[in-house]
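So the structure is just underneath, and the comments pick up after that.
Protein chains in written order, with the working numbering: chain C, 1 to 155; chain Y, 1001 to 1155.
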């Protein structure tokens, strides 16, 4: 089963490349042996840097299931997820992740996924995008308002 | 200027909480002193686990500018970006990031951003979501097809 779903993710990647929609990556969300959603990289087609295959598939699965958690779902992806997509899988709470090509294969054709993992592990002041912590007096107000609301929805 | 834009991000966070649309987070994309796009957390309203304030703002800015890179743009965000949002900022290539509340403030009210940074730094086999590398014979075919295409669009 894993092999069939993973092959489908690879096929989606190939189809996306053939259409020139973005990078060579495809993904599926599967629940109970059923494909809930498919995705492929559409960064170029959608002019959206977040439209990676896994993000597209996760968003489509959540839209279809009308919930923001993918408990019990498996993410199949043609290549090892970048940190953005891996984090999205955590926020979605998928049960398991299966991927085919390792990040080194994407790095070999010029994708920066591996560099990005290194970058995230650096202390803030060492990162390549300058990042500034600017405390403002009221910055915790929304956090407190959320925390104090007994009807808040956790995610 | 930084303070004004950052305060606007905090105000967006508060407004989003008041409407119950998601977590207490807001963000702006600014270019040349102009606000290009605003975002706030809409995870609950959109049943989309990727609808963090920064992702919403980055997607909206790219849609508005009709490009998948945000060169020369600044990301202002009410709280320190989670790894998903920080990675999205890298993929978008923003020039600079400014945030108000540190990740510890979000952790104090139950958000897992800080844990997620730790999780991503772990080797794959130590992570809490089981992740399997399953090599398939044709898994590099889409990568090769992309790399061999002289008309490919890099991002």
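No residue lacks a Cβ here, since even glycine has one placed at the ideal position from N, Cα and C.
Under the three-state DSSP convention, the category residue i falls into
i, result
"residue 21 of chain C", "coil"
"residue 111 of chain C", "coil"
"residue 99 of chain C", "strand"
"residue 128 of chain C", "coil"
"residue 85 of chain C", "helix"
"residue 1033 of chain Y", "coil"
"residue 1038 of chain Y", "strand"
"residue 1045 of chain Y", "coil"
"residue 139 of chain C", "coil"
"residue 26 of chain C", "strand"
"residue 75 of chain C", "strand"
Min CB distance residue i to chain Y below 8 Å
i, result
"residue 50 of chain C", "yes"
"residue 118 of chain C", "no"
"residue 71 of chain C", "no"
"residue 1 of chain C", "no"
"residue 86 of chain C", "yes"
Exposure label - residue i; buried when at least 16 CB within 10 Å
i, result
"residue 1116 of chain Y", "buried"
"residue 142 of chain C", "buried"
"residue 140 of chain C", "buried"
"residue 1048 of chain Y", "buried"
"residue 1134 of chain Y", "exposed"
"residue 13 of chain C", "buried"
"residue 1138 of chain Y", "exposed"
"residue 118 of chain C", "exposed"
"residue 1066 of chain Y", "exposed"
"residue 23 of chain C", "buried"
"residue 1064 of chain Y", "exposed"
"residue 1150 of chain Y", "exposed"
"residue 1003 of chain Y", "exposed"
Partners in chain B for residue i, counting only beta-carbon separations shorter than 9 Å
i, result
"residue 62 of chain C", "Among the protein chains of the structure shown, namely C and Y, there is no chain B."
Residue-chain proximity (residue i, chain C), Cβ-Cβ < 8 Å
i, result
"residue 1059 of chain Y", "yes"
"residue 1006 of chain Y", "yes"
"residue 1053 of chain Y", "no"
"residue 1083 of chain Y", "yes"
Pair within 8 Å by beta-carbon distance, residue i and residue j
i, j, result
"residue 32 of chain C", "residue 1 of chain C", "no"
"residue 27 of chain C", "residue 9 of chain C", "yes"
"residue 1120 of chain Y", "residue 83 of chain C", "yes"
"residue 1109 of chain Y", "residue 101 of chain C", "no"
"residue 1057 of chain Y", "residue 1041 of chain Y", "no"
"residue 106 of chain C", "residue 79 of chain C", "yes"
"residue 127 of chain C", "residue 113 of chain C", "no"
"residue 1053 of chain Y", "residue 1069 of chain Y", "no"
"residue 73 of chain C", "residue 30 of chain C", "yes"
"residue 131 of chain C", "residue 1055 of chain Y", "no"
"residue 1044 of chain Y", "residue 94 of chain C", "no"
"residue 1039 of chain Y", "residue 1060 of chain Y", "yes"
"residue 136 of chain C", "residue 76 of chain C", "no"
"residue 129 of chain C", "residue 1089 of chain Y", "yes"
query = Name the residues in the region 89-106 of chain C whose C-beta lies less than 9 Å from a C-beta of chain Y; which are they?
reply = 89, 90, 91, 92, 93, 94, 95, 96, 97, 98, 99, 100, 101, 102, 105, 106
key: Residues within the region 15-45 of chain C neighbouring chain Y, beta-carbon criterion of under 8 Å   = 16, 17, 18, 20, 22, 23, 24, 25, 26, 43, 44
task = Can you give me, in chain order, the residues of the region 1126-1144 of chain Y that have a beta carbon less than 7 Å from any beta carbon in chain C?
result = 1129, 1130, 1131, 1132, 1133, 1134, 1135, 1136, 1138, 1139, 1140, 1141, 1142, 1143
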